[in-house]
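This report refers to the structure that appears directly beneath it.
There are 2 protein chains.
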Amino acid sequence: MNDQTVLSPTSRTTIRRLPELAHRDRAMLYRIVDDAYVCHIAFNAGEDTHCIPTAHWRRGDDLYIHGSNGSRMIKALSAGAQASVAITLLDGLVLAKSAFSHSMNYRSAVIYGQFEVVEGSAEKLAALDALMDKIAAGRRHEARPGNAKEINATSVLRISLAEAAVKVSDSMPSDKDEDLALAVWAGILPLKTTRGTPVHADANVPVPDYVRNWAD
Amino acid sequence: MNDQTVLSPTSRTTIRRLPELAHRDRAMLYRIVDDAYVCHIAFNAGEDTHCIPTAHWRRGDDLYIHGSNGSRMIKALSAGAQASVAITLLDGLVLAKSAFSHSMNYRSAVIYGQFEVVEGSAEKLAALDALMDKIAAGRRHEARPGNAKEINATSVLRISLAEAAVKVSDSMPSDKDEDLALAVWAGILPLKTTRGTPVHADANVPVPDYVRNWAD
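First to last, the sequence lines map onto chains H and F.
The working numbering applies: residue 384 is where the first sequence begins, and numbers increase by one.
The working numbering applies: residue 384 is where the second sequence begins, and numbers increase by one.
Dropping the structure here:
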């Protein structure tokens with residue numbers, strides 16, 4: 384791997400607990416960011432520490448969010464609050480023969496830094512087009528585009544993915560040798576996100592392929 | 384609803400964005416906490432703000448977490464750091480006829496407060512039994528119980544669910560009147576967490592019903 388594809392740990396992103404699960408591949412970071420629709424953002428506003436879920440998307444090495452100009456989170460992050468963004472995909476429960484060896488399989492990314500405000504209508508629209516592309520390729524050419532009023536009322540923010548900790552657990556239960564002979568079921572109970580049958584709001588319009596092919 | 388079942392908003396949990404989505408029913412809060420296996424916790428440690436995913440469970444009106452005594456998060460939260468705990472269940476993408484009216488259906492809870500350390504081996508074990516019950520009823524009578532060394536190395540923390548903001552979005556797209564006639568597909572693309580076929584680590588032990596019946 385060259386420098387571009389490797390995550391270089393800082394004091395905040397060095398994985399201390401179970402360091403063997405640290406993943407230093409930037410492609411894995413991108414996959415986690417792209418596979419999830421929602422991230423959680425930690426930030427301080429006044430006296431309070433907040434953890435707020437929001438939709439996110441990625442362009443290159445930046446993670447994007449958007450929101451109403453007036454929202455508490457958008458105001459704090461636009462003002463340069465230190466932020467931590469976490470994305471977690473849970474893949475299963477890992478049941479071991481001993482109670483304390485139970486664990487989970489997951490892929491997670493925790494990003495540190497400050498958001499910057501995306502300025503200019505054209506740049507904001509380009510960023511928001513990428514969100515539409517994440518929902519469904521082609522959809523941005525179908526939906527009615529944002530007008531000046533809508534664009535002005537919305538803030539688009541981005542944070543670099545440069546400082547990120549990626550952790551992947553994808554394994555069978557790990558019991559101590561002395562527990563292996565116990566007659567206790569051990570294994571993985573998988574969990575996954577699946578797509579359900581689309582619900583149509585308007586029966587009088589053509590159904591695009593990305594809707595027809597949505598459900599698993 | 385009596386006082387016990389109603390969430391009383393504080394300055395931190397008053398829902399400012401889309402207040403019509405605020406949900407003041409404590410039963411809904413409990414359902415969100417119980418339906419999710421992983422929460423995200425925001426807290427400060429030194430100069431840094433962190434957002435860290437971890438497993439959680441509920442007993443009564445408290446949310447519980449556990450972890451190694453040495454973990455940065457456990458140390459900060461045990462020392463009384465202000466915390467915000469977010470749990471989000473994503474139910475679907477909501478596609479509207481206009482780009483800016485796209486949204487998501489979700490159920491989310493954001494809890495504020497400070498964690499307290501659960502003291503005493505018996506009380507810790509009782510709390511951890513409840514985690515095992517969440518994974519599978521009956522499992523705590525099968526797995527090898529924790530021994531003194533394991534229990535001593537693990538911290539169990541709880542935070543009251545008293546100060547919580549619950550937000551539920553469960554609706555069809557909401558377009559402006561002037562957009563409703565557009566020939567653009569609108570509706571819901573559902574997402575859900577489903578259970579996959581269990582993976583057995585040991586073929587020589589009986590398969591419990593909660594494993595046999597796990598997959599959807």
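No residue lacks a Cβ here, since even glycine has one placed at the ideal position from N, Cα and C.
Item, Value
"Beta-carbon gap between F:Val477 and F:Pro556 smaller than 8 Å", "yes"
"Where F:Glu525 meets chain H, residues with beta-carbon distance less than 8 Å", "Val567, Trp568"
"Same chain, Cβ closer than 6 Å to H:Arg578, five either side skipped, listed in chain order", "Trp597, Ala598, Asp599"
"F:His406 at chain H interface by Cβ criterion, 8 Å", "no"
"H:Lys507: contacting residues in chain F (beta-carbon distance under 7 Å)", "Under the 7 Å cutoff, chain F gives no residues; its nearest Cβ is about 11 Å from H:Lys507."
"Pairwise C-alpha distance: F:Tyr593 and F:Gly521", "9 Å"
"Close beta carbons around H:Arg523, own chain, < 7 Å, minus the five adjacent residues each side", "Asp512, Met515, Asp516"
"Residues that F:Gly529 contacts on chain H, provided the C-beta gap is smaller than 8 Å", "Ser481, Ala482, Phe483"
"Outcome for H:Asn488 when other beta-carbon atoms lying within 10 angstroms are tallied against a minimum of 16", "buried"
"Enclosing alpha helix (DSSP H) for F:Met456 [first to last residue]", "455-461"
"Exposure label - F:Val416; buried when at least 16 CB within 10 Å", "buried"
"Where F:Glu506 falls: helix, strand or coil (DSSP)", "helix"
"Whole-angstrom distance between H:Ala509 and H:Arg595, CA atom to CA atom", "27 Å"
"Environment of H:Lys480 [buried if 16+ CB atoms lie within 10 Å]", "buried"
"Alpha carbon of H:Asn587 to alpha carbon of H:Ile534, nearest angstrom", "29 Å"
"Three or more C-beta pairs below 8 Å linking the stretch 539-559 of chain H and the stretch 431-450 of chain H", "yes"
"Beta-carbon gap between F:Asp474 and F:Asp553 smaller than 8 Å", "yes"
"Limits of the unbroken beta strand (DSSP E) element including F:Asp474", "465-478"
"Contact the stretch 419-428 of chain H vs the stretch 456-466 of chain H: 3+ CB pairs below 8 Å", "yes"
"Start and end residues, alpha helix (DSSP H) containing F:Leu446", "Element bounds for F:Leu446: not the alpha helix (DSSP H) but the beta strand (DSSP E), 445-451."
"Chain H contact for F:Val582 (CB, 8 Å cutoff)", "yes"
"Outcome for F:Thr397 when other beta-carbon atoms lying within 10 angstroms are tallied against a minimum of 16", "exposed"
"Helix, strand or coil at F:Asn535 according to DSSP, with G and I counted as helix", "helix"
"Simplified DSSP assignment, three categories, for H:Tyr413", "helix"
"Contact list for the stretch 406-437 of chain H against chain F, Cβ threshold 7 Å", "Tyr420, Val421, His423, Ile424, Ala425, Phe426, Asn427, Asp431, Thr432, His433, Cys434, Ile435, Pro436"
"Beta-bridge pairing of H:Lys517 - partner residues as DSSP gives them", "Its beta-bridge partners do not exist; DSSP assigns none."
"Inter-stretch contact (C-beta, 8 Å, three-pair minimum) for the stretch 431-445 of chain F and the stretch 483-500 of chain H", "yes"
"Boundaries of the alpha helix (DSSP H) in which F:Val594 is found, first to last residue", "592-595"
"Chain F within 8 Å of H:Ile542, Cβ atoms only", "no"
"Neighbour flag for F:Pro573 against chain H, beta carbons, 8 Å", "yes"
"Rounded separation between F:Asp370 and F:Met456 - CA only", "Residue 370 of chain F lies beyond the stretch modelled for chain F, which goes from 384 to 599, so this question has no answer here."
"Nearest residue (CA-CA) to F:Val590, options F:Leu401, F:Ala519, F:Leu563, F:Tyr413", "F:Ala519"
"Selection from H:Ser394, H:Leu404, H:Val389, H:Leu390 that minimises the alpha carbon distance to H:Lys550", "H:Leu404"
"Min CB distance F:Gly463 to chain H below 8 Å", "no"
"Chain H contact residues for F:Pro556, given Cβ-Cβ distances below 8 Å", "Ala584"
"Member of F:Asn452, F:Pro402, F:Tyr413, F:Leu472 whose CA lies at the smallest distance from the CA of F:Pro573", "F:Leu472"
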